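Asker:
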Amino acid sequence: MNRAFAFRAIGLAALVALAALPWMADNYVVRVATTMLMYCALALSWNFIGGFTGYPSFATAAFFGLGAYVGGVLQNMGLFLGLAWLAAGLVVVVFAAVTGRAILHLKGHYFAIASLVIADVLREIINGLTSITGGGMGLNLTAPAMGVEAQSRLFYFSMAVVAAVALATTVWLDRSRLGFGLRCIEQNEDAAIRIGVGTARLKTIAFALSSVFVGIVGAIYASWTVYIDPSEAFDILISVKPIVMTLLGGAGSVLGPIYGAFLFLLLEETVWRNFLHVHSGVLGLLVVLLILFMPRGLLGAGSRLRVATWLRPERAAKRRAGS
Amino acid sequence: MSAPLLEIGGLEAGYGDVQVLWGVDLAVASGSIVCLIGSNGAGKSTLLRAVSGLVPAAAGQIRFGGEDITHARPSRIVAAGLVHVPEGRRLFAGMSVRDNLLMGAYKRGDGRAAVRRDLERVLALFPRLAERSRQDAVTLSGGEQQMCAIGRGLMAAPRLLMIDELSLGLSPRLVEELCSALVGIRDAGVTVLLVEQDVMTALELADDGHVLQGGRVVLADTSARLAANPMVQQAYLGAVVAHP
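Chains as they are written, first to last, in the numbering used here: chain A, 77 to 399; chain B, -19 to 224.
1) Below 9 Å on C-beta distance, what does glutamine 151(A) contact in chain B?
2) With 16 as the cutoff for other CB atoms within 10 Å, does alanine 123(A) come out buried or exposed?
3) Would you check if the distance between the CB atom of alanine 309(A) and the CB atom of arginine 199(A) is smaller than 9 Å?
4) Cα separation between alanine 282(A) and leucine 120(A)?
5) Please look up how many angstroms separate the CB atoms of valine 172(B) and isoleucine 13(B), rounded, as I've assumed it's under 8 Å.
6) When the Cα atoms are used, what is the spatial distance from glycine 378(A) to isoleucine 125(A)?
7) In this structure, does DSSP put arginine 43(B) in helix, strand or coil?
8) Determine whether the Cβ of arginine 270(A) lies closer than 9 Å to any Cβ atom of chain B.
9) By Cβ distance, which residues of its chain are closer than 6 Å to leucine 141(B), with the 5 residues on each side in sequence left out?
10) Pull up the DSSP beta-bridge partners for threonine 202(B), would you.
11) Could you tell me which chain A residues have their CB closer than 8 Å to the CB of histidine 64(B), listed as they occur along the chain?
12) Does chain A have any CB closer than 9 Å to the CB of leucine 34(B)?
13) In angstroms, rounded to a whole number, what distance separates the CA positions of aspartate 79(B) and isoleucine 269(A)?
14) From the DSSP output, read off the bridge partner residues of cysteine 128(B).
15) Can you give me, in chain order, the residues of the region 153 to 166 of chain A that have a beta carbon less than 7 Å from any beta carbon in chain B?
16) Alanine 161(B) and leucine 71(B): beta carbons closer than 9 Å?
17) Under the DSSP definition of a beta bridge, which residues are partnered with asparagine 216(A)?
18) If distances are taken between C-alpha atoms only, which option among Thr111(A), Gly130(A), Ala239(A) comes closest to leucine 278(A)?
19) Note down, in chain order, every chain B residue with its Cβ under 8 Å from the Cβ of aspartate 250(A).
20) Report all residues from its chain with a CB closer than 7 Å to the CB of glutamate -13(B); omit the five preceding and five following residues, and keep chain order.
21) From leucine 158(B) to tryptophan 248(A), what does the alpha carbon distance come to, in whole angstroms?
22) Which residue wins for smallest C-alpha separation from glycine 147(A), given the options Ala137(A), Thr136(A), Val168(A), Ser133(A)?
23) Rounded to whole angstroms, how far is the Cβ of leucine 215(A) from the Cβ of threonine 209(A), which I believe are closer than 8 Å?
24) Give the residues of chain B in contact with glutamine 263(A), contact being defined as C-beta atoms less than 8 Å apart.
25) Can you find the residues in the same chain that come closer than 7 Å, C-beta to C-beta, to tyrosine 216(B), ignoring five residues on each side of it along the sequence?
26) On a Cα-Cα basis, can you pick out the residue from Arg69(B), Gly68(B), Ala52(B), Glu67(B) that is closest to glycine 61(B)?
27) Report the rounded CA-to-CA distance for arginine 205(B) versus arginine 372(A), giving the unit in angstroms.
28) Can you list the residues of chain B that valine 273(A) reaches, using a CB-CB cut of under 7 Å?
29) What residues from chain E crowd round glycine 257(A), counting only those whose CB sits closer than 8 Å?
30) Distance cutoff 9 Å, beta carbons only. Does arginine 253(A) sit that close to anything in chain B?
31) With a floor of 4 residues, list each alpha helix (DSSP H) that falls wholly inside the region 209 to 260 of chain A, ordered by position along the chain.
32) Per the contact definition of three or more C-beta pairs closer than 8 Å, is the region 148 to 155 of chain B in contact with the region 95 to 111 of chain B?
33) If we cut at 9 Å on Cβ distances, does alanine 267(A) have a partner in chain B?
The structure is reproduced here in structure tokens:
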């Protein structure tokens, strides 16, 4: 009881701190915090397909880049900022559903490679569409007509909203029948088919879920940095980082991706800034160490799978009585 | 006799270029235990996989309860009441025995009360599972895992339960325990289609039997008559044929 109370108090304090931050801290801190919220959204998104479903997707960069370009182009056409972001999310989710349907019958390494290629194909297409996207020269966006402080607050809170919705979706999925079906696929896809889980449909939904917030975040990122180019928007590191964060925190858990994103950013800002030349090497080392010594991450999900409440009325009742 | 629960006509199926089933005809009467026997590679498992929609049928027809399910999706087939207990058990690791059983009810829409009632029935049928219901399913012994897999199949409230390799790797005593459980399942109204390597056990347990050879059903009869058939005795029961 006391522990639950302490947990809630810490959560509440964190929320208040997050809300007050743009007025309390300097520009650098707000910028780092915005990046952290972006990382949270990316890691939570990867968790849907990589954590819950167990499909090692490297498609995050594809969704991010596509979202950035759709949002950027629409914004330059004069669309209202928020609408451009939502439209980017919509385009990306449809794109993910279609490509997901095509590649989700592959498993393990094969799926990883197929998902890795999507970003490369998109990069080449964006590179070639010079008249719309500016090709290799990149795309310049117009900054919103407001002060620098107001801008930084706008992007900070926009990222916060996407991260919050991604977290709410995770909390819901963790208890839903859909989430339970996904966990069955992760555990044993063959057995999941035999008990009647519609695996093709569920995997596609998970892939689409893992794309929508990434697409929106990509569009917000484009508006935030005011300039995007293909090699940056489709950078492979955008795919790798959320995986490392989620593994760091605990794949398949609810809060793991957030802890992971926080820890990752901490490392990025303290350690790697001083090792710019071996940055990727350190990242690779971290992945190896993680898999060797902490295969289940900080939270160790997977060992404590819970049956969703729809099948366990007595436990739901207990939880209600206990809280 | 009423129309058979499962009716297969001229079924052809295989994997890519390799055709395994070459026109299987088979009928399973409602309320019976039916066994499929045949040597390795005869197509027993492929037949079950084709019926449950995991291997697409190239030709022929599969009817279940009068409904054509030849090209239905696996999830539809489970919802219709045809459940496949796969070879090698395939339980969900990291989930307790109880959760594994409950997962079997994934497709059901008839409410928690009914699911709970069935869970109690399964635990009564397999008391060993009741003792270990909180344990991780992979920590069970082989026989207990098989019970858990069969129990999970029952939780889907099937009309027909198909079990692949019931006795694989199990001790004779456990096999006996499972057999008596299957008789109980049949008497509760669930039809059972069984693939079994141990022909003696299969023919003792089942009401009817089918002999699969080279992807076709070459013999179909009551178990008693199959057990007395010289061809079955020679090929599967190890009887020595007297030379004239």
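Just so it is clear, CB atoms sit at the ideal spot from N, CA and C, and this is done for glycine as well. In this text the structure is predicted, and so the values were computed from the model without any measurement.
Answerer: From the atom records:
1) Going along chain B, no residue has its Cβ under 9 Å from glutamine 151(A), so there is no contact; the nearest lies around 42 Å.
2) The sequence as given places asparagine at residue 123(A); alanine does not occur at that position. By the 10 Å Cβ count, asparagine 123(A) comes out buried.
3) It is a contact, given that the beta carbons lie within the stated cut-off.
4) 12 Å
5) 4 Å
6) Bear in mind that a pLDDT of 40 at glycine 378(A), under 50, signals an unreliable position, so the model cannot answer this.
7) strand
8) Interface with chain B (9 Å Cβ-Cβ cutoff): arginine 270(A) is included.
9) Val63, Gly133, Val170, Val172
10) Bridge partners of threonine 202(B): Asp188(B).
11) Listed along chain A are Arg270, each with a C-beta nearer than 8 Å to that of histidine 64(B).
12) yes
13) 17 Å
14) Paired residues: none, contrary to the question.
15) none
16) no
17) Tyr303(A)
18) Gly130(A)
19) Under the 8 Å cutoff, chain B gives no residues; its nearest Cβ is about 15 Å from aspartate 250(A).
20) Ala7, Arg43
21) Answer to the nearest angstrom: the Cα atoms are 40 Å apart.
22) Val168(A)
23) 6 Å
24) Phe72, Ala73, Gly74, Met75
25) Ile17, Val179
26) Ala52(B)
27) Across the structure, arginine 205(B) and arginine 372(A) are spaced so that their CA atoms are roughly 56 Å apart.
28) Near valine 273(A) (Cβ distances below 7 Å), the residues of chain B are Ser55, Tyr86.
29) In the displayed structure, chain E is absent; the protein chains listed are A and B.
30) yes
31) 224 to 251
32) Not touching, per the Cβ criterion.
33) With 9 Å as the cut-off, alanine 267(A) counts as an interface residue toward chain B.
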